[in-house]
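Have a look at the structure below before the remarks.
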Amino acid sequence: MALRVYDTRSRTKRELIPLVEGQIGIYACGITPYSPSHIGHARQAVAFDIIVRWLRKSGLKVNYIANFTDIDDKIIAVSSEEGVDFLEVANRNIDDYFEVMDALNVTRADAYPRVTETIPEIQEMITNLIDKGFAYVAKDGVYFEIDTAPEKYGQLTGQTLEMVREGAGGRVDETGSGKRDHRDFALWKSAKEGEPIWESPWGPGRPGWHIECSAMSLKHLGERFDIHGGGSDLMFPHHEAEIFQSECCLGHDPVVQYWIHNGMINVDGEKMSKSEGNFWTVRDALESIDPLVLRYTLINAPYRQPVDFNSVMIDDSRLNHGRLLRAYSDGLTMAGIGDWSQNVELSEANERFSLGMNDDFNTRVALVEVQSVVKLLRQMIDSNSDKSSISAATGWLAEFAGEVLGILPSKEEALSMSNSEAEARSAISSQVEALLEARESARESKNWSRADEIRDELISMGVIVEDGADGPTWRIE
RNA sequence: GCACGGGUGGCAGAGCAGCUAUGCAACGGACUGCAGAUCCGUGGACCCGGGUGCAAAUCCCGGCCCGUGCUCCA
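Take 111 as the starting number for the first sequence in this note's numbering and just add one per residue.
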């Protein structure tokens, strides 16, 4: 079954053919840690996490690299504002990143390179570009000269040199920059007062934005690698600049076989931004949303589509995820995890799930199959199916909803969750049983108002009563 | 303005030439004193206008609307 990936550069879905059979090198542009991570970062991290999980599930050996751009203008701005070292700002926000992404069940990348740990490689690349005539030294730094490779312009966004010229023409003189052309971009920025600096052949300074990713991907994945990705907002200029740098430096193209970009997050249909006041950090979101529910929300649309973050969407995810969780833990306690491969319906579900994931990692299609297996499992439980069927369906969920999509807690956690619920139950059990008994006798004498009164009392204790054919059952909300 | 995505039932969101998407909500039924949970069933959609097909939500052309980008210095 062929795995097809939408490649931004060719604007088509193409079959994923690894450079080295059985192996995939993937680089994803991570965050610039100048503030706590927001839900857009979470979407990116989750999207690539699932892509990597699916590649591994497909039998590929994956080397996944995600970087931190830990020196940049915004970090410097925060650091000078707070009067602390720039690395303190970066480290603080990197810690935050790991903490919230762990909560979202994001598998760690194989490496998290940082700009500040890649300075020699960056300088080497810049030297190379100067030597080959693609870059020049100016009074305020080193610039990549766009006109040396005009054919590479607009590779990802379709824009032409002329368009951008119109968009920003004539600014070079105004800013006093040493650029020859305003579309040239900085590889190295000369030191300014009070900024962190590194020594270089072109004087003290720091790397420009863009070069770090070319250098880090080269260092970790080599001169050619399979997949490079990030948010769609990075296509221009960041990723196009990388194409210039890497391909001109290495002297071949393409360096990256497939470019993939995830869509942005909107909040209530509007662009999420600090000035709009609709800005959600992951921490904000986790105050009212369970981490796995948030993850469910983020994969509720294919990774390339925009996701609208709104209360309906979240409530919907909460409901569906809750149903999934309940079916899973019921199945787990009743029958455990079993082999699903002998069950026809589950095998078909597997096929459709895989078809969806192989079609550019369509998690929405995958979730439909999860929902249908939840329904199937529910039916099995309700109709007192044999243990092996229930364990098979539970096993299917563990494998696909758990292992691949990462929206289930681990088996141990799921069981300990039901254990802690059991503890909570036993703590109030005698009290509840007594009330239920009183309610049952009220019901027998058709004293409905008294019965409902008792039920209300139980609800206020956080107990939900459900009358069934064999008498009432109850659970803790 | 230009580039790239997208506009599907009350809502969210798949499908991207012929075959029930799915979930929530609604409606009907089973079970219920009621409620809840669960199950069964029903109705309901493809932004507008042209075009190409035996056949178009799906392809082409033209509108309209939405999102993102149009660089670090500004």
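Glycine included, C-beta positions come from ideal geometry on N, C-alpha and C. These figures come from a predicted structure and were not determined experimentally.
What does the Cβ neighbour count give for residue i, buried or exposed, with the cut at 16 atoms within 10 Å?
i: Gly277; result: Caution applies to Gly277, whose pLDDT of 43 falls short of 50 and renders its modelled position unreliable; the value that the coordinates give is listed next. That one is exposed.
i: Ser559; result: exposed
i: Thr179; result: buried
i: Lys171; result: exposed
i: Ser120; result: exposed
i: Leu129; result: exposed
i: Leu429; result: exposed
i: Ala544; result: exposed
i: Arg474; result: exposed
i: Gly150; result: buried
i: Gly572; result: exposed
i: Leu477; result: buried
i: Arg316; result: buried
i: Gln415; result: exposed
i: Phe158; result: buried
i: Ala534; result: exposed
i: Val194; result: exposed
i: Ala459; result: buried
i: Pro314; result: exposed
i: Arg405; result: buried
i: Asn127; result: Correcting the residue type first, residue 127 is Ile in the shown sequence and not Asn. Exposed is the call here.
i: Arg153; result: buried
i: Gly169; result: exposed
i: Val392; result: buried
Report the CB separation of residue i from residue j in whole angstroms; it is logged as a contact under 8 Å.
i: Ala511; j: Trp450; result: Not really, about 12 Å apart at Cβ, beyond 8 Å.
i: Ala561; j: Arg549; result: 5 Å
i: Ser342; j: Asn372; result: 7 Å
Given residue i, which residues of its chain have a CB within under 6 Å of its CB, disregarding the five upstream and five downstream residues?
i: Glu284; result: Confidence is the limiting factor: at Glu284 the pLDDT is only 47, short of 50, which leaves the residue's position unreliable, though a coordinate-based value still follows. Here the set comprises nothing.
i: Val575; result: Arg565, Leu568, Pro582 and Trp584
i: Phe346; result: Thr267
i: Val480; result: Ala511
i: Ile229; result: Trp308
i: Arg224; result: Phe178 and Asp180
i: Val282; result: Because the pLDDT of Val282 is 42, which lies under 50, any placement of that residue in the model is unreliable, and the number read from its coordinates should be weighed accordingly. Taken in chain order, the residues that qualify are Lys289 and His292.
i: His349; result: Leu266
i: Val366; result: His338
i: Met211; result: Ala155
i: Ala552; result: Arg560 and Ala561
Going by alpha carbons, who is nearest to residue i out of the options?
i: Leu525; options: Glu461, Asp470, Ile447 and Ser464; result: Ile447
i: Ile175; options: Ala219, Gly340 and Ala395; result: Ala219
i: Ala579; options: Lys556, Pro364, Leu545 and Asp492; result: Asp492
i: Phe471; options: Thr122, Ile127 and Val162; result: Val162
i: Pro311; options: Val247, Asp195, Met444 and Tyr222; result: Val247
i: Gly135; options: Gly341, Ala155, Ala221 and His371; result: Ala221
i: Ala187; options: Glu303, His151, Thr217 and Asp159; result: Glu303
i: Ser439; options: Ser421, Val365, Arg488 and Thr270; result: Arg488
i: Ile517; options: Val216, Tyr137, Asp363 and Gln233; result: Val216
i: Asp250; options: Ile256, Trp390, Glu234 and Ser287; result: Ser287
i: Leu515; options: Val422, Gly341 and Pro412; result: Pro412
i: Leu456; options: Leu435, Thr391, Ser499 and Ser495; result: Ser499
i: Val483; options: Asp469, Asn494 and Glu509; result: Glu509
i: Asn238; options: Ser495, Arg436, Ile160 and Glu357; result: Glu357
Ordered along the chain, which non-local residues of its own chain (more than five positions away) have a Cβ less than 8 Å from that of residue i?
i: Lys485; result: none
i: Asn203; result: Ile141, Pro143, Tyr144, Ser145, Pro146 and Ser147
i: Gln452; result: Ala502
i: Ser300; result: Lys249, Asp250, Gly251, Trp312, Gly313, Pro314 and Gly315
i: Glu513; result: Arg163 and Lys167
i: Lys381; result: Met374
Between residue i and residue j, is the Cβ-Cβ spacing less than 9 Å?
i: Cys323; j: Asn177; result: yes
i: Trp298; j: Ile236; result: yes
i: Leu344; j: Cys139; result: yes
i: Arg114; j: Glu131; result: no
i: Asp182; j: Trp319; result: yes
i: Asp378; j: Asp336; result: no
i: Leu408; j: Leu214; result: yes
i: Asp363; j: Lys262; result: yes
i: Val252; j: Ala259; result: no
i: Leu328; j: Glu231; result: yes
i: Leu396; j: His431; result: no
i: Phe208; j: Phe254; result: no
i: Ile399; j: Gln355; result: no
Can you list, in chain order, the residues of its chain whose CB lies under 7 Å from that of residue i, leaving out five sequence neighbours each side?
i: Leu442; result: Thr504, Lys521, Ala524 and Leu525
i: Gly280; result: Because the pLDDT at Gly280 is just 41, under 50, the model does not fix this residue reliably, and the point stays unresolved.
i: Asp206; result: Pro146 and Ser147
i: Val542; result: Leu568, Val573 and Trp584
i: Leu331; result: Gly135, Tyr137, Asn173 and Ile175
Please determine whether the Cβ atom of residue i lies at a distance below 8 Å from any heavy atom of the ligand GTP.
i: Thr473; result: With respect to the ligand GTP, the structure offers nothing, as it holds no ligand at all.
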